[in-house]
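Here my numbering runs 18 ahead of the position in the sequence shown, where the first position is 1. Written out below as structure tokens is the structure these notes cover.
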Amino acid sequence: MKNIILLLAFFLILTPVCSQELVKAPEPFGPLPTQKQVDWHEMELYAFVHFSLNTFTNKEWGYGDESPQLFNPTNLDARQWARIAKEAGMKGIILVAKHHDGFCLWPSAYTERSVKNSPWKNGKGDVVKELAAACKEYNLKLGLYLSPWDRNHAEYGKPEYITYFRNQLKELLTNYGDVFEMWFDGANGGDGYYGGANETRKINTLEYYNWDETYKLIYKTAPKTLVWGVGPSEARWIGNEEGRAGKTNWSLLRQKEELAGKVHYSEFMSGHEDGEKWVPGEADVSIRPGWFYHAVEDDKVRSLDEMVDIYYESIGRNANLLLNLPVDKRGLVHENDETRLKELVTVIKEDFKTELLASSKVTATNTRGNSNEFAAQNVTDGNKDTYWATDDNVKTASIVFDFEKPTAINRILLQEYIKLGQRVRAFSAEAKIDGQWKSIANETTIGYKRILRLDRITASALKINITDSKANFVISNIQAYNAPTFVRIPEILRDKNGNVTIKSQEGNSIYYTLDGSKPTLKSTLYKGVFKYNKAVQIKAIAINKDEKISSAITTAKYGVSKEKWKVVTASGGDMNSVNRIIDGNPDTDWSFRSDSNKLSQEVVIDMGAILKITGFTYIPQQVGNNLNLISKYEFYTSLDNIKWILQSQGEFSNIKNNPIEQVKTFSETKARYLRFVAKSTEEKAQTFSIGEINVIDK
Ligand code: FUL
């Protein structure tokens, strides 16, 4: 008997050991993430804070000559920023410690251009230190942005500046605890103050900074820091400032080619399937049009619809989301931004409230060595370290989730086990509806995380087919949800003549108000285009009658309509289409070519009546590839088209990366004629374009 027990014990111990030895884990495939990068992927969402002299000068890019005396927040509270980030489920905050104008938010030992020469806390303050403490208190990670381009520094462009830059890096990486991400922006070289030289300095980004050396210094000083942006970085820009990744998104990049200047940034949205290095995408976007706070944007915080789309098109497409919350002159995140962020979080929480696959019966057409260790059930066990894997060379397979009863679904979430590489090239989804399999999605990459937003279907089973993969594949997680119906906000458009159109998804009813009050079911029902050519604030909601739910509110503010506006003269271009710049539709544009001898080009507009105005806006071309953006401008007004007063001049900063409506304000003035002069273009090209010109007349 004793022998039998011993024998049994022997088999019991040996059996699992043997089966483990029989079925080996899949071999890693292709470039792999480092543990630092895996941890970074898992952060998913974190905040960006742009706050500097620009906040006080109302600029997006400072020229470099602004006085540090202007930096004077009345109520700076980094704990408020941290609280808001934490409550939104963010995992960290990246602070712009130095932007392109060279002003430092910490009292750097290497320059006088910092908080120490500002009135804030009598020059004794340190914003980086306050944020580091707040992050610690709220259990958030701290990241820092140090602009390589410095429009103030006298030696920018010379080797001495590189020493200065590296000294500052060392300060930031040694004095404030761990820095999870170091952010190096790509804007480099151009005109600036440069210690009083007031000139244009061009540099070759890849050569000038000697990034290899700079990176060595970073890793020696702070090995836990992940470096983003220019140089041989560990994470890449997503190629736009709208927070959107490509549907196909590889975490790989041909970085060698990129460093040789052979990769266009538009390729960053999708990465490179054959990239030799793991360089995942980070989607950055501001919750408002600009990166820095501008009071005129208080009512231009991105709509909830847009924020939800951004979430799904960044985190839902294998990218991290770096969401900017500009800090205002008080030193606080504005209430409107906080409200919108809370609304976003509420929607996302509701969307992912109840997971539906964990209780289903899971089967797969192939399981690596038929082993439990790699079984299909691992994708629903809630453990990120277990996975479903297929046999070597099995690059296509299906996994089926059978429900106990028909289940409504409109979201599917998938994750590859990225520690072994990113492999899946294509997958599809099918739902069993009334006994028939019906295709509901055909997609490409998965990566760390992919989320599909689908029309709601009610199915007795769900099937995911991996239809193309670089190698056998390794899936760690598959989930499904039934998110509440999201009624999209209506779109309000008003043309030149004051004709208002309000659009919504099919089947919804629209209600609107014209007096600034909140629209409800009792407000006016929209029945079709109506004319309203006076200054007005239109608010509208869409209501889904079947489900009795409404959208968020759309607000559109207009001055007097452009009914009487005419383009009087333009110095070039097609005069037949010039009215596109005043047709109320930013998506239609007009462009004109300048001849090489004449760099300034202008348009003169007659508003048909004298108006009191406090500013103008330029909407660049919105549709197309080469947007022919204007970078420097002058704006004049006149009562008689003879005597002109210069009201505003300067640059449209950052217009290339963020081609949004450019708002320029000035003191109230009476005007009938407007003269907009384009002094230069972003690409130094000869072609200029304008989507729309507006005035601020309220
Ligand atoms: C850009 C910069 O030029 C902007 O000012 C901003 O900091 C943004 C995040 O990156 O390229």
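Even glycine gets a Cβ: it sits at the ideal position worked out from N, Cα and C. It should be emphasised that the depicted structure is a prediction, and the values quoted were computed from it without experimental measurement.
- Exclusion of W255 from the 6 angstroms shell around the ligand FUL follows from its C-beta lying no nearer than that to any non-hydrogen atom of the ligand.
- Beta-carbon to beta-carbon, R468 and L432 are separated by about 5 angstroms, close enough to satisfy the 8 angstroms threshold.
- With a threshold of 16 other beta carbon atoms within 10 Å, A313 falls short and is exposed.
- DSSP, reduced to helix, strand and coil, places M200 within a strand of the structure shown.
- Residue burial is scored here from C-beta neighbours: M593 has fewer than 16 other C-beta atoms within 10 angstroms and is therefore classed as exposed.
- For Y544, the secondary structure class from DSSP, reduced to helix, strand or coil, is coil.
- F694 sits in a strand when the DSSP states are folded into three classes.
- As a beta-bridge residue in DSSP terms, A449 pairs with K456, L480.
- From the listed residues L645, K456, I180, H59, the smallest Cα separation to S446 is found for K456.
- Not one heavy atom of the ligand FUL falls within 6 angstroms of the beta-carbon of W99.
- When the Cα atoms are used, E178 and Y226 turn out to be separated by approximately 11 angstroms.
- The beta carbon of I637 lies closer than 7 angstroms to those of P604, E679, G709, E710 in the same chain, with the five residues before and after it left out.
- Going by C-alpha positions, T218 is about 24 angstroms away from Y128.
- The region 283-290 makes no contact with the region 220-240, as fewer than three CB pairs between them are under 8 angstroms.
- When DSSP states are grouped into helix, strand and coil, T705 belongs to the strand group.
- Annotation for A205 indicates a beta carbon within 6 angstroms of some heavy atom of the ligand FUL.
- With contact defined as three or more Cβ pairs closer than 8 angstroms, the region 478-493 and the region 423-432 are in contact.
- Taking 4 residues as the minimum length, the alpha helix (DSSP H) runs contained wholly in the region 64-92 are 71-75, in order along the chain.
- Under the DSSP definition of a beta bridge, V442 partners with S487.
- Excluding sequence positions up to five before and after E356, its CB lies within less than 6 angstroms of the CB of I102, all in the same chain and listed in chain order.
- DSSP links R101 through a beta bridge to no other residue.
- For G453, the closest of D292, L149, F421 by C-alpha to C-alpha distance is F421.
- A distance criterion of 6 angstroms places the beta-carbon of W309 in contact range of the ligand FUL, judged by its closest non-hydrogen atom.
- In the assembly as shown, N495 is a buried residue. Its beta-carbon has 16 or more other beta-carbons within 10 Å.
- Around S656, the same chain offers W662, Y691 as residues with beta carbons nearer than 6 angstroms, after the five sequence neighbours per side are excluded.
- M325 sits in a helix when the DSSP states are folded into three classes.
- Within the same chain, Cβ atoms closer than 6 angstroms to the Cβ of S612 are found at Q619, Q704, the five residues on either side in sequence being excluded.
- A contact is defined here as three or more CB-CB pairs under 8 angstroms, and the region 295-305 meets this definition with respect to the region 320-337.
- With a threshold of 6 angstroms, the Cβ atom of N672 counts as near the ligand FUL, since some heavy atom of the ligand is closer than that.
- Taking the C-beta atoms as reference points, G668 is found no nearer than 7 angstroms to S579.
- Distances from the CA of A150 to each of E173, W124, P166 were compared; the closest alpha carbon is that of W124.
- In this structure, P49 lies away from L322, with their beta-carbon atoms at least 7 angstroms apart.
- For Q639, there is no enclosing beta strand (DSSP E), as DSSP marks it with neither H nor E.
- Under the three-state reduction of DSSP, I561 is assigned to strand.
- Contact check for S569 and P508: beta-carbon distance about 7 angstroms, within the 8 angstroms limit, so the pair qualifies.
- Residue environment analysis places Q87 among the exposed positions, since fewer than 16 neighbouring C-beta atoms fall within 10 angstroms of its C-beta.
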